[in-house]
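Participant:
Numbering (my numbering), first residue to last: 144 to 548.
And the structure:
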């Protein structure tokens, strides 16, 4: 595809051959910081195109910053260039750290001057295209439930089961849907913890039923295992703090259960919800062991090791990225103090899942994505139109991802 064709399709959104003839902006409701909002939807983006990959999975091309839609309310529908750059950095880092995430497919600067309260203004503008396996949010079910649209709930339930979970319809479809969403969102929560990632805005309208993380605003990576660390300056109560993300995502899954209660009995929905806690702890343990470069043993031992790591990191305040870099393969340097003695004892029973010496990444320094570096990368673009640091960072992150994979 030529540059002109790329801009035509992913900047002006001329339809791709064989795909959607026109974009689709989706309507949904949602709880935003636990306050129900019935007036939201795709306000600055839409579903632009769909196709299937070589495994038959649906792939959505969704936009961010593509202008106003019927659901924009008072917004201009635009994305700042800084917001687009931040989304690239978030998705690249999360992908490398084993989190299922949307991918930043295209970013085009649009030349407009935008005014924002949280950025020096006027600021540069952009339009982003992200690639994911779906864009159906828990809030879509909440909207149908609010309108008592039982047939719509049944139709959407059957569609999600068939399209995303590979399952058929039936009397137990709502409970199976909820169980699938619980398993996938518990995995997302567990992998957030392993990655040290704080999404920042885990509202029910920001939770994809596929369990893919997406829609990155005030995200951050925590420098240490700090349960109270928050990403958003406006999260004054710490509702979506690092250590509360599983609680927040579970609460969102409960809102899906409440919506499905209109078309299902209560007991199987409760059973599905009760699977979240065990699934989260299992996924968190697997994510931590994976990042430590260890082959798993069994759930009890894996959870014991992950718990020891969590306690040691919290007690010591050790830099998270440095710890995972140093311990990869199962050997913890002596400079880690007595807080890590329980970790050392458990490490002796594990074997490495990869040979650390086989990849040059481990002979360098750990990659991280802390806020100072994010701001430095953006400053190079904003002050000098220098995109070199961004490209270099993406290349370094991908090298880390290859070393971890």
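For every residue, glycine included, the Cβ atom is placed at its ideal position computed from N, Cα and C.
1. Would residue 331 and residue 243 qualify as a contact pair, given that the criterion is a beta-carbon distance under 8 Å?
2. For the beta strand (DSSP E) that residue 184 lies in, which residues bound it at each end?
3. If we count the other Cβ atoms within 10 Å of its Cβ and call it buried at 16 or more, is residue 305 buried or exposed?
4. Can you grab the Cα-Cα spacing for the pair residue 393 / residue 432, in whole Å?
5. Applying the criterion that 16 or more other CB atoms from any shown protein chain within 10 Å of the CB defines a buried residue, is residue 512 buried or exposed?
6. Within its chain, find whatever has a CB closer than 8 Å to the CB of residue 523; leave out the 5 residues flanking it on each side and keep chain order.
7. Please return the same chain residues whose Cβ sits closer than 6 Å to the Cβ of residue 233, not counting the five positions on each side in sequence.
8. Do residue 461 and residue 479 have their CB atoms nearer than 8 Å?
9. Compute the Euclidean distance between the alpha carbons of residue 179 and residue 474, then round it to the nearest angstrom.
10. If I'm right that residue 268 touches residue 254 with Cβ under 8 Å, what's the distance once you round it to whole angstroms?
11. Taking only the alpha-carbon atoms, compute the straight-line gap between residue 347 and residue 173 and give it to the nearest angstrom.
12. Per DSSP, which one or two residues make a beta bridge with residue 251?
13. Grab the span of the beta strand (DSSP E) containing residue 204 for me, first residue to last.
14. Terminal residues of the continuous beta strand (DSSP E) containing residue 192?
15. Mind reading off the beta-carbon distance from residue 276 to residue 201? Whole number of angstroms is fine, and I expect it under 8 Å.
16. Tell me whether residue 450 sits in a helix, a strand or coil according to DSSP, three-state version.
17. By a C-beta neighbour count over all protein chains shown, 10 Å radius and 16 as the cutoff for buried, is residue 413 buried or exposed?
18. Helix, strand or coil for residue 444? Go by DSSP, reduced to three states.
19. How about residue 367 and residue 237: do their beta carbons lie closer than 8 Å?
20. On a Cα-Cα basis, can you pick out the residue from 303, 459 and 517 that is closest to residue 353?
21. Hey, residue 156 and residue 209 are a contact pair by Cβ (cut 8 Å); roughly how many whole angstroms apart?
22. Can you give, in chain order, each stretch of the alpha helix (DSSP H) that sits fully within the region 328–412 and has at least 4 residues?
23. Nearest-angstrom Cα distance between residue 378 and residue 369?
Facilitator: Answer, in terms of the structure:
1. Taking the first residue of the chain shown as 1, we reach residue 331 at position 188. Taking the first residue of the chain shown as 1, we reach residue 243 at position 100. Yes.
2. Translated into the one-based positions of the chain shown, residue 184 becomes position 41. Where residue 184 is concerned, the enclosing beta strand (DSSP E) stretches over 178–184.
3. Numbered from its first residue, the chain shown carries residue 305 at position 162. Label assigned to residue 305: exposed.
4. Taking the first residue of the chain shown as position 1, residue 393 is located at position 250. Taking the first residue of the chain shown as position 1, residue 432 is located at position 289. When rounded, the distance between both Cα atoms is 23 Å.
5. Taking the first residue of the chain shown as position 1, residue 512 is located at position 369. Flag for residue 512 reads buried.
6. Start at 1 with the first residue of the chain shown, and residue 523 comes out as number 380. 529, 530, 531, 532 and 533.
7. Taking the first residue of the chain shown as position 1, residue 233 is located at position 90. If we look at residue 233 and ignore the five residues flanking it on each side, its Cβ neighbours are 359 and 362.
8. Residue 461 sits at position 318 when you count from the first residue of the chain shown. Residue 479 sits at position 336 when you count from the first residue of the chain shown. Result yes, Cβ atoms of residue 461 and residue 479 sit closer than 8 Å.
9. Position 36 of the chain shown holds residue 179. Position 331 of the chain shown holds residue 474. Taking the straight line from one Cα to the other gives about 48 Å.
10. Along the chain shown, one-based indexing puts residue 268 at 125. Along the chain shown, one-based indexing puts residue 254 at 111. Yes, they are in contact, since the Cβ atoms of residue 268 and residue 254 sit about 7 Å apart, within 8 Å.
11. What you label residue 347 is simply residue 204 of the chain shown in a count that begins at 1. What you label residue 173 is simply residue 30 of the chain shown in a count that begins at 1. If I take the Cα positions, the gap works out to 5 Å.
12. Position 108 of the chain shown, counted from the start, is the residue given in the question as residue 251. Answer is 270, bridged to residue 251.
13. Against the chain shown, residue 204 aligns to sequence position 61. From DSSP, the beta strand (DSSP E) with residue 204 extends over 201–207.
14. Stepping through the chain shown from its first residue, residue 192 is reached at position 49. Unbroken beta strand (DSSP E) run through residue 192: 190–195.
15. For the purposes of this step, residue 276 is identified with residue 133 of the chain shown, where counting begins at 1. For the purposes of this step, residue 201 is identified with residue 58 of the chain shown, where counting begins at 1. About 6 Å; that satisfies the 8 Å criterion.
16. As a first step, residue 450 must be located in the chain shown, where it is residue number 307. Helix.
17. By 1-based counting over the chain shown, the position of residue 413 is 270. When all chains shown are included, residue 413 counts as exposed.
18. Looking up residue 444 in the chain shown gives position 301. In this structure, residue 444 counts as helix in the three-state DSSP scheme.
19. Residue numbering aside, residue 367 sits at position 224 when the chain shown is read from its first letter. Residue numbering aside, residue 237 sits at position 94 when the chain shown is read from its first letter. No; because the gap between Cβ atoms is not below 8 Å, this pair is not in contact.
20. To locate residue 353, count along the chain shown from 1; it is residue 210. Checking every option, the nearest Cα to that of residue 353 belongs to 303.
21. Position 13 of the chain shown, counted from the start, is the residue given in the question as residue 156. Position 66 of the chain shown, counted from the start, is the residue given in the question as residue 209. Indeed, because the Cβ distance is near 6 Å, the residues count as touching under 8 Å.
22. 388–403
23. Indexing the chain shown from 1 puts residue 378 at position 235. Indexing the chain shown from 1 puts residue 369 at position 226. Whole-angstrom Cα-Cα distance: 16 Å.
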